[in-house]
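Numbering (this note's numbering), first residue to last: 28 to 333.
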Amino acid sequence: MFKFFYKDIINLLRGILFISVMLIAIKWLCALTNKYFHNDISGVYTLFFYCFLSILAIALCKTGAKAIFVITTKKENNKITEGINKNVKYPCRDEKDALLIKISGLYSITAAGNGKNTNHPNFINSIEECDLTNPDSVDLIRNSLLGSYDIKTSDQLKHFIYSLLDEESYEKTHHTDYQQQLSHLYRLAASAGAEITPVSDMTNINAAFNLQRAALLMRTGMTLGLLTQEEWDALKNTLAQLIEENFPSLDAFIHDYMLAVYLFYQEGMMGASMIRERLYGLATLQQNNYFAWRVEELNRPPTALV
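Structure below.
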């Protein structure tokens, strides 16, 4: 976890060194001005001192906020039982439905809640993302779509999904290109209780990231009535085929998706907590053997869930 704060610490140390040098220089300049020009400009030193102190305080607050986000991100924040839809409108009908629900579930589990911190859980066993009988839950999905993608209409949604399914943006790379990142990701996964194992020497992070988002947006479209069942089926067939062509197994997809998440969120104040949240979610799903659930189990999940 220290790796996430390494740059922050280095930047803070550099900032402190720079501020110290500047204050010494200003103090020396004030002394020379007073000695040779008999002009007291000590107020300039005081002004710069408080300006630099404010800059340092802001940097410390950002690092502190980042640490708080990490500390408050816990596995128990989301429980799989809260992500079970008991009033399904669009059930899983075949293995392709199941595949799309499962890969989008890699995100949905992080918004399931634990029964205390959210009243509008995301679901991991149905095509719809939330309780369609709850207008507030549906509005949250709609606002999230608008805020994240600026999408309001069916045409906008379909156009964006098709762009995610464009194979021209997919490119396989060797694991050695991400050796340090993978090493850190594996350590984080182990500490979170998640299992991420490389299936091959190659990775296809763009495909994994885009296909997972496409599956999630397809569920959003069904939730908001922006996609018809026929449009879902057509997109589903394309997406399932792309997964089959680009990944030898679901484990390979999960591995590359988690690497994509790591690379996407490794910078930024909330990056560390977002990565840990996804890993905790993966651990919860794996603990319940979620990725082995068949169509029947998605529609009627096991009762013994942890």
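Yeah, the Cβ is synthetic: ideal placement off N, Cα and C, and Gly gets one too.
Length of the line joining the Cα atoms of residue i and residue j
i    : j    : result
F318 : E103 : 20 Å
F280 : K34  : 30 Å
D36  : S190 : Residue 36 is actually Ile in this sequence, not Asp. The straight-line gap from Cα to Cα measures roughly 39 Å.
Q207 : M229 : 15 Å
T265 : N152 : 21 Å
A216 : L290 : 14 Å
Y205 : L127 : 27 Å
Y63  : L44  : 29 Å
Y117 : I154 : 5 Å
V165 : Y307 : 25 Å
G252 : E324 : 25 Å
I146 : T180 : Checking the sequence, you will find Asn at residue 146 rather than Ile. For N146 and T180, the distance between alpha carbons rounds to 26 Å.
A86  : I302 : 22 Å
H201 : R240 : 23 Å
N66  : T90  : 40 Å
P328 : F150 : 12 Å
A94  : H211 : 18 Å
A331 : I107 : 11 Å
L40  : I46  : 10 Å
E294 : Q183 : 29 Å
P275 : L133 : 18 Å
L56  : V48  : 12 Å
Own chain residues within Cβ distance below 7 Å of residue i, not counting five before or after
i    : result
V333 : Q314 and N315
A235 : F280, D283, Y284 and A287
D278 : T224 and V226
L262 : I188 and M245
M249 : Y117, I154, E155 and W259
T247 : E156, I168 and L172
D121 : V322
N61  : D67
Selected residue, minimal CA-CA separation from residue i, among the options
i    : options                   : result
T203 : L253, S135 and L286       : L286
A84  : N38, N105 and I188        : N38
L238 : T137, K179, E195 and S210 : E195
L192 : I178, H211, S210 and N233 : N233
S135 : N326, L312 and K185       : L312
Contact set for residue i: own chain, Cβ-Cβ below 6 Å, skip 5 residues either direction
i    : result
G220 : A310
V322 : C119 and A125
K199 : M229 and N231
Presumed contact (8 Å Cβ cut-off) between residue i and residue j, rounded CB distance
i    : j    : result
S300 : F32  : Contact doesn't hold; Cβ gap of about 12 Å is too wide.
T160 : N112 : 11 Å between Cβ atoms; not a contact.
L243 : S131 : 4 Å
Y197 : N231 : 6 Å
G110 : P162 : The Cβ separation is near 20 Å, so there is no contact.
E304 : T99  : Not a contact, Cβ separation roughly 10 Å.
Sequence-distant residues of the same chain with beta carbon closer than 8 Å to residue i, five excluded per side
i    : result
L50  : Y72, F75, F76 and F79
Y213 : I223
A92  : M296
Closer than 7 Å: residue i CB and nearest the ligand FAD heavy atom
i    : result
T200 : In the structure shown, the ligand FAD is absent, as is every other ligand, since no ligand is present at all.
Just list the alpha helix (DSSP H) runs in the region 53-126, keeping only unbroken ones of 4 residues or longer that don't cross its boundaries, in chain order. 69-99
Suppose only complete runs of 4+ residues qualify. What are the alpha helix (DSSP H) ranges in the region 279-306, listed by chain order? none
Could you tell me which uninterrupted beta strand (DSSP E) segments, each at least 3 residues in length, are contained entirely in the region 230-273, listed from first to last along the chain? Segments of the beta strand (DSSP E) lying fully in the region 230-273: there are none.
Identify every run of the alpha helix (DSSP H) within the region 146-234, keeping only runs that are complete inside it and at least 4 residues long; order them along the chain. 162-176, 181-191 and 206-219
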